[in-house]
Amino acid sequence: MGPQEQALRGGAEIIVATPGRLLDHMQRGYVDFGGLEILVLDEGDRMLDMGFLPDVRRIVSRLPRQRQTMLFSATMPPEIVKLARDFLREPKMVHVAAETVAAVGVSHLAIDAPGAQKAGILKALLDDKTMRSVLVFTRTKHRANRVTEDLQDFGVAAGVIHGNKSQSQRVQALEGFRSGRHRVLVATDIAARGVDVEGVSHVVNFDVPHEPETYVHRVGRTARAQRRGDAITLVSGEEEDDLRRIERLLGEEIPRTRMPGWDYNRPPPTSGGGRGPDRRASGERRGPPRSRGPRDRDRSGPRHDDSGRRRRPPPRRY
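Structure, rendered in structure tokens:
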């Protein structure tokens with residue numbers, strides 16, 4: 002705080018800051034925005050994902066009303082659209098053409114993967130030791146946590162980054178991946194922005210992205226510095242249309258296959274079943290359910306059925 006305080010007291014024409022730290026300086030009286038002319042909000046969707054919007058609103062409420070405001074965002078979810086309406090007056094929307102060409106040197110492959118079997122198929126892929134440094138993408142933070150937990154249950158060294166992780170947790174996971182301590186890094190698209198790791202051998206799309214341009218950004222994490230890399234996409238029946246849109250953007254058909262040696266006829270996960278490969282591959286965690294206290298029992302009902310037999314835990318679903 003000391004060097005920043007001195008710099009602010011000395012005056013500045015441009016201040017670049019994170020919302021939390023800037024709000025801290027404002028509360029301490031280190032900055033005076035009476036003469037502010039321009040406010041720039043960069044990476045709006047990432048600030049949304051990381052929970053910064055309340056701080057942004059508090060900051061803006063203390064700024065002069067007569068100013069020019071610019072908002073930049075790679076995507077425009079409803080919350081960002083509302084933010085723009087609240088902060089901007091008669092704004093002009095500028096769309097920048099998205100990158101449409103995948104990185105040179107990337108080999109593309111799509112694997113049939115029913116949703117309930119994706120975790121097991123991912124583990125089977127990782128049995129290939131040539132997949133030495135793997136970046137796995139999911140659509141949501143919740144899914145990223147689930148996939149990471151399943152991989153760790155399978156004995157795979159995996160880290161995770163997403164907007165609900167603290168800065169120190171994200172740095173620790175990223176450093177673990179860079180150093181090779183984590184063979185796999187699971188990430189959401191927004192949290193992975195700015196992540197620059199050399200030597201990523203494979204990118205795995207656990208979820209097919211809805212936006213074709215997102216696919217291009219994901220697979221661009223491999224095949225850097227004139228190296229080759231592999232992009233593998235796990236495709237369920239519900240994601241066929243998303244895959245076709247990606248192929249239209251790329252201007253080519255992505256080779257399609259089924260997982261060699263994988264039993265696609267295995268029964269879907271149920272509330273029963275003992276330990277074993279089938280149960281684990283469906284996405285359930287190993288081991289007994291956690292011990293629960295009275296409050297848990299009140300929420301979930303009795304732990305035994307009418308016959309007196311112990312109820313089995315519900316399956317994990319993706």
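161 is the number that the working numbering gives to position 160 of the sequence shown; each next residue is one higher, with no gaps.
Each residue gets a CB set at the ideal place from its N, CA and C atoms; glycine is no exception.
- If you draw a straight line from the Cα of L235 to the Cα of R66, it comes to about 49 angstroms.
- The shortest CA-to-CA distance from A75 to any of R222, R171 and H96 is the one to H96.
- With contacts defined as CB atoms closer than 8 angstroms, E6 and L49 fail to qualify as a contacting pair.
- When rounded, the separation of the alpha-carbon atoms in D154 and R144 is 15 angstroms.
- Every beta strand (DSSP E) of 3 residues or more that sits fully in the stretch 160-203 is shown, in chain order, as 185-189.
- Ranked by Cα distance from R259, the first of M51, M94, G221 and D113 is D113.
- With contacts defined as CB atoms closer than 8 angstroms, V41 and M71 qualify as a contacting pair.
- In this structure, DSSP gives R133 a state outside helix and strand, which the three-state scheme calls coil.
- Using a 10 angstroms sphere on the CB of A188, the tally of other CB atoms reaches 16 or more, which defines it as buried.
- Burial is judged here by how many other beta carbons sit within 10 angstroms of a residue's own beta carbon; M51 has at least 16 and is buried.
- Counting only residues of its own chain and dropping the five nearest sequence neighbours on each side, R229 has a CB closer than 6 angstroms to the CB of G106.
- Its Cα nearest to that of V137, the residue L152 stands out among R267, G12, D128 and L152.
- In the structure shown, the three-state DSSP call for L235 is strand.
- Its chain contains G160, I162, L186, V196 and V198 as the residues whose beta carbon lies nearer than 8 angstroms to that of L175, once the 5 sequence neighbours on both sides are disregarded; these appear in chain order.
- With a cut-off of 8 angstroms on Cβ pairs, the stretch 120-132 is not in contact with the stretch 25-42, counting fewer than three such pairs.
- Excluding residues up to 5 positions away in sequence, S134, L136, R222, T223 and G230 lie with their Cβ nearer than 7 angstroms to the Cβ of V201 in the same chain.
- Contact check for L24 against D56 passes: the beta carbons are separated by less than 8 angstroms.
- The beta carbons of D190 and T215 sit about 6 angstroms from each other, so the pair counts as a contact at 8 angstroms.
- Cβ contact annotation for R22 (same chain, cutoff 8 angstroms, sequence separation greater than five): Q5, in chain order.
- Comparing C-alpha distances from S180 to each of A158, K166, A193 and R194 shows the shortest one belongs to A158.
- Among the bridge pairs identified by DSSP, A111 is matched with T234 and R257.
- Per DSSP, M48 is not a residue of any beta strand (DSSP E); the alpha helix (DSSP H) it occupies stretches across G45 to D50.
- Closest by C-alpha distance to R47, out of R63, P20, Q28 and H26, is P20.
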